[in-house]
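Residue numbers (our numbering), protein chains in the order written: chain Y, 72 to 409; chain S, 72 to 409. Ideal Cβ placement from N, Cα and C applies to all residues, glycine included. Heads up, the thing below is written out as structure tokens.
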DNA sequence: AGGGGTAATGGACACGTGACCATTGGCGCG
DNA sequence: CGCGCCAATGGTCACGTGTCCATTACCCCT
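Structure (structure tokens):
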């Protein structure tokens, strides 16, 4: 475990000189620089980021907390963020909160203890952890929310244009002739007014439809709940002619339920969903989706965070919106005439 | 950013006493302990793991390098390992190598610089990085390979019973009456004799079949390659009657190709694959799969690594095999009589 | 020739913690 | 009553780095 002192000794220079070969090579005589570099090479020296982080007051580390790593949206986000961080010399600490703000708090403590320089977070549901995020910010961690942000949050965020995307989806279904459109939404009605669920009734009104209570129930963001809700929806006296799933995880449950009921898509019911998950193109019929530009969002998030960290502008707030993209594949069609 | 010194001052005790409230509370008088704990609470003190890591000589961090985070097998692994690490107070640094050993090396340097206490790695293909792993081990990082290990590797590993699973799959197809069984394998023929691809011809022989060269071609582990190979296989003068995909990513490509060719599963061709990915149950027909116990494997890996780290037994080598589980859903059937 | 500036190098110290050793006071026991 | 032990608390230093200040030698310019 060679340190910079070993490098200095081997190169026959003072420790300070050896350090300069790394951070300010232009200050060294070419010959000295070469000698130090050779010593680094021979010893396989790699700077200790732990010691450096301590002295510097901030680490070469980023935290990423997502809702659930297994969901392709987040898996893709983890991947993109990890790559972007790596390319700028940062390591990425990954956690998930399973959409639970209590678990989230426990994980935040770990990230706080690790003194991450930046935090990209998709908060869970329940009592908000804004206070804790605020404390991390005071301590020097730059915080950015992604995919969701607390109402009144002071932090930067990177979001999909949720409202626009919901409106586009509803307009699409309406234009096909659908008048009974149900949604699978998800939010905590107390703390988390999730944008897509909120936009849905407005979107209906914008095309002249009246929101129906039982067509817009909200559930926990897991597959089994969506499965169950879809069964219930289709067993209503007046079942919907189209289902608009507000995320890909719930779409899987909806699809399973529709298959099980023996309903044909899109003849008996149309299905539209957020998230262009790979399975949506493999099933029969392939699903119409609203794709999120996950990778662009992830790269943008890292850029905002690391720029603020490295340019020492902790108070800079950047808020971005990315458009969704509707991809038609054949799971939506005009409703049957009764 | 309160430190333990602030806590000590507030509690009116010496720093050493304050520290003991955290690590050796039994040494303190109950009243003193309570006073310190109150100070910790009031200040929201959280130990600085960076400073602690430096002093201690090892950090509260684990590294996890996987092939590609987007693949559900790895996403699930990341999730499980992150949870297991978190429950023992460790943070998890995640990277992927995109199956490329050069990229892997760059990422290993970052992990080395971060002084992770342990490393769980799924190596990529190309020139092995055994030398670098060896150096990390010498430096104090406990290394465990998962899902794959270098031949002759001195490290611990956690693996599927690949050979047994391939044999079971082949026996299953053979028992249904298949004699022309093709595989989608993946390995680097020079460096990476991947177990499943190697076991396949042996498994054929064990049921009395002769391996056919063009039925066992190996490709890069990505969906488009599997798609292309499947098209080629099914256009052979004597196409296979069953395809055995050695992982879930390739199965997606195979499925897409078969659909596109208009072939019916299982009437025209049977399809069996490793990995119980969620989409395999949603497509028509749902696929027969060999499920890997990913979560058990992940938890076992963390346990082995952290036990060795915390019990200071860096030379202890543990090697585990987990059985696969064949799940029949309807994508395999007896071949048609020609 | 002498002063000042600069290129090149060296030395000292603090970041916050954990490990180790030192000190104090009180009580039991012979 | 005095010795010794132990419970309880305090003090010191090193981990490896980054930052700031100090030192040396040489050259340029007037």
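- Where does the unbroken alpha helix (DSSP H) through residue 174 (chain S) begin, and where does it stop? 172 to 184
Is residue 273 (chain S) close to chain Y? Criterion is C-beta to C-beta, closer than 7 angstroms.
Contact with chain Y is absent for residue 273 (chain S), since none of that chain's Cβ atoms lies less than 7 angstroms from the residue's Cβ.
Which same chain residues end up closer than 6 angstroms to residue 396 (chain Y) when comparing Cβ atoms and leaving out the 5 residues on each side of it in sequence?
The answer, listed in chain order, is 362.
Q) Going by DSSP, what residues sit across from residue 344 (chain S) in a beta bridge? A) S:316 and S:360
Kindly say whether residue 290 (chain Y), judged by its beta-carbon, lies nearer than 7 angstroms to any beta-carbon of chain S. no
C-beta neighbour in chain S for residue 144 (chain Y), strict 7 angstroms
no
Report task. Could you name the residues of chain Y that residue 163 (chain S) contacts, counting a contact when the two beta carbons are closer than 9 angstroms? Result -> 164, 165 and 166
Margin query: Since residue 332 (chain S) and residue 255 (chain S) should fall inside the 8 angstroms C-beta cutoff, what is the C-beta to C-beta distance between them, to a whole number of angstroms?
Written below: Residue 332 (chain S) to residue 255 (chain S), Cβ: 15 angstroms. No contact.
Check: Which full runs of the beta strand (DSSP E) of 3+ residues lie inside the stretch 279 to 341 of chain Y, going along the chain?
Finding: 313 to 316
### Proximity test, Cβ basis, 7 angstroms: residue 184 (chain Y) and chain S
yes
Bridge partners for residue 203 (chain Y) per DSSP, in chain order? BP columns for residue 203 (chain Y) are empty, so no partner.
* **Close beta carbons around residue 116 (chain Y), own chain, < 6 angstroms, minus the five adjacent residues each side** => Taking C-beta separations shorter than 6 angstroms and ignoring five residues to either side along the sequence, the partners of residue 116 (chain Y) in its chain run 73 and 78, following chain order.
If you run the structure through DSSP and keep just helix, strand and coil, what is residue 93 (chain Y)? helix
Would you mind telling me which residues of chain S sit closer than 8 angstroms to residue 117 (chain Y), beta carbon to beta carbon, in chain order? 180, 183 and 184, listed in chain order.
Chain-ordered chain S contacts of residue 327 (chain Y) [CB-CB under 9 angstroms] = Among the residues of chain S, those whose CB is under 9 angstroms from the CB of residue 327 (chain Y) are 352 and 353, following chain order.
Practice task
Measuring only between beta-carbons, confirm whether residue 147 (chain S) sits less than 7 angstroms from chain Y.
Solution key: yes
Query raised in the report: Sorted by chain position, which residues of the same chain lie with C-beta nearer than 6 angstroms to residue 345 (chain S)'s C-beta, five sequence neighbours on each side aside?
Result: 317, 318 and 361
Q) Could you give the residue range of the beta strand (DSSP E) that holds residue 84 (chain S)? A) Note, residue 84 (chain S): premise wrong, no beta strand (DSSP E); not H, not E.
Mind pulling the chain S residues with CB within less than 7 angstroms of residue 212 (chain Y)?
-> Per Cβ cutoff of 7 angstroms: no residues; residue 212 (chain Y) is ~10 angstroms from chain S at best.
Query raised in the report: Taking a cut of 8 angstroms between CB atoms, which residues from the stretch 369 to 400 of chain Y lie near chain S?
Result: none
| query | How big is the Cα-Cα spacing for residue 321 (chain Y) and residue 297 (chain Y)? | reply | 5 angstroms
Which bits of chain S does residue 305 (chain Y) rub up against, with CB to CB less than 9 angstroms? Within 9 angstroms Cβ-Cβ: nothing; residue 305 (chain Y) doesn't reach chain S, min ~17 angstroms.
**Q.** Bounding residues of the alpha helix (DSSP H) (the contiguous stretch that carries residue 238 (chain Y))
**A.** Per DSSP, the continuous alpha helix (DSSP H) segment holding residue 238 (chain Y) begins and ends at 233 to 246.
Self-check item: Helix, strand or coil at residue 114 (chain S) [DSSP, three-state]
Solution: helix
Check your understanding: In chain Y, which residues lie less than 9 angstroms from residue 344 (chain S) when you measure between Cβ atoms?
Key -> Under the 9 angstroms cutoff, chain Y gives no residues; its nearest Cβ is about 13 angstroms from residue 344 (chain S).
Would you kindly report the start and end of the unbroken beta strand (DSSP E) that includes residue 216 (chain S)? 213 to 217
Looking at the strands, I want to know which residues DSSP matches up with residue 390 (chain Y). Y:228
TODO: Mind checking the stretch 110 to 136 of chain Y against chain S and listing, in chain order, the residues whose C-beta falls within less than 8 angstroms of any C-beta there?
DONE: 115, 117, 118, 119, 120, 121, 122, 124, 125, 130, 131 and 132
Name the chain Y residues whose beta carbon is nearer than 9 angstroms to that of residue 60 (chain S)?
A query on residue 60 (chain S) cannot be resolved here, the shown segment of chain S reaching from 72 to 409 and no further.
Output yes if chain Y places a C-beta closer than 7 angstroms to the C-beta of residue 150 (chain S); else output no. yes
**Prompt:** Rounded to a whole number of angstroms, what is the C-alpha to C-alpha distance between residue 170 (chain S) and residue 138 (chain S)?
**Reply:** 5 angstroms
Worksheet item: Any contact of the stretch 199 to 209 of chain S with the stretch 221 to 229 of chain S, i.e. 3+ C-beta pairs under 8 angstroms?
Response: Flag = yes, the stretch 199 to 209 of chain S and the stretch 221 to 229 of chain S touch.
Do residue 328 (chain S) and residue 292 (chain S) have their beta-carbon atoms positioned less than 7 angstroms apart in this structure? no
Would you list, in chain order, the members of the stretch 206 to 235 of chain S that have their beta-carbon closer than 9 angstroms to a beta-carbon of chain Y? 206, 209, 210 and 211
Next on the checklist: Could you compute how far the alpha carbon of residue 131 (chain Y) sits from the alpha carbon of residue 385 (chain Y)?
Outcome noted: 16 angstroms
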